[in-house]
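Take the sequence shown: its position 73, counted from the start at 1, is 84 in the working numbering, and no numbers get skipped.
Note sheet for the following structure.
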Amino acid sequence: MPRRVQLLPHLTAKELKDRYQQAQDPIEARRWHLLYLVNQQWTVKQAAESVGLNYDYAKEIVRRYNQNGEAGIKNRSQRGKPSPRSLLTLTQQQELQQALCSAPPEGGRWTGPKVARWIADKTGKQVWNQRGWDYLQRLKH
Numbered sequence: 012m013p014r015r016v017q018l019l020p021h022l023t024a025k026e027l028k029d030r031y032q033q034a035q036d037p038i039e040a041r042r043w044h045l046l047y048l049v050n051q052q053w054t055v056k057q058a059a060e061s062v063g064l065n066y067d068y069a070k071e072i073v074r075r076y077n078q079n080g081e082a083g084i085k086n087r088s089q090r091g092k093p094s095p096r097s098l099l100t101l102t103q104q105q106e107l108q109q110a111l112c113s114a115p116p117e118g119g120r121w122t123g124p125k126v127a128r129w130i131a132d133k134t135g136k137q138v139w140n141q142r143g144w145d146y147l148q149r150l151k152h
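As structure tokens, this is what we get:
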């Protein structure tokens, strides 16, 4: 029979259950659920199968929880992501807003590529068409 892993008492069983039921991040919710089941005397293998995790990954989650408590369960993929930087200053965004009220220089309707060219002309930077579309949507045109 597999050896049962003991969790260090960072949190009570009720707190573990509350964490998995109230977690906003689905990755963290699954990790908390795994820990709750292990705390309820399930083997790591049984708990991993129940929540749909790989056994080795589940052991790593238990190890990180025992070493670091709650901090070991946080979804680290969310940390350190650079925030998207705006291509345009507020003044330039206002200029674009005004430009969108009239026809584009090429004629027709404003499109993502046309907005991207407008931004490139203003900033001197290469701009992907998708960013033009993003600004078109952001400025509700």
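Heads up, the beta-carbon is just placed ideally off N, CA and C, and yes, glycines get one too.
Between ASP145, LEU19, LEU147, which has its C-alpha nearest ARG74's C-alpha?
Taking only the C-alpha atoms, the option nearest ARG74 is LEU19.
How about HIS21 and GLY80: do their beta carbons lie closer than 8 Å?
yes
Please classify ASN8 as buried or exposed, where buried requires at least 16 neighbouring CB atoms within 10 angstroms.
This structure cannot settle anything about residue 8, because the visible part of the chain is limited to 12 through 152.
Less than 8 Å separating the beta-carbons of ALA110 and TRP139?
no
Check whether the Cβ atoms of GLY123 and LEU147 sit closer than 8 Å, and answer yes or no.
yes
Is the separation between the beta-carbon of ARG142 and that of LEU98 shorter than 8 Å?
yes
Taking only the alpha-carbon atoms, compute the straight-line gap between GLN104 and GLU39 and give it to the nearest angstrom.
38 Å
Take the Cβ of TYR47 as the centre, count every other Cβ of all protein chains shown within 10 Å, and call the residue buried at 16 or more, exposed below.
buried
What does a CB cutoff of less than 6 Å around VAL126 pick up in its chain, not counting 5 residues either side in sequence?
Excluding residues within five positions, the ones whose Cβ falls inside 6 Å are GLY143, TYR146, LEU147.
Just mark ARG96 as buried or exposed, buried being the case when its beta carbon has 16 or more other beta carbons within 10 Å.
exposed
Leaving out five residues before and five after TYR66 in sequence, what residues of the same chain have Cβ atoms less than 6 Å from its Cβ?
LYS56, ALA59.
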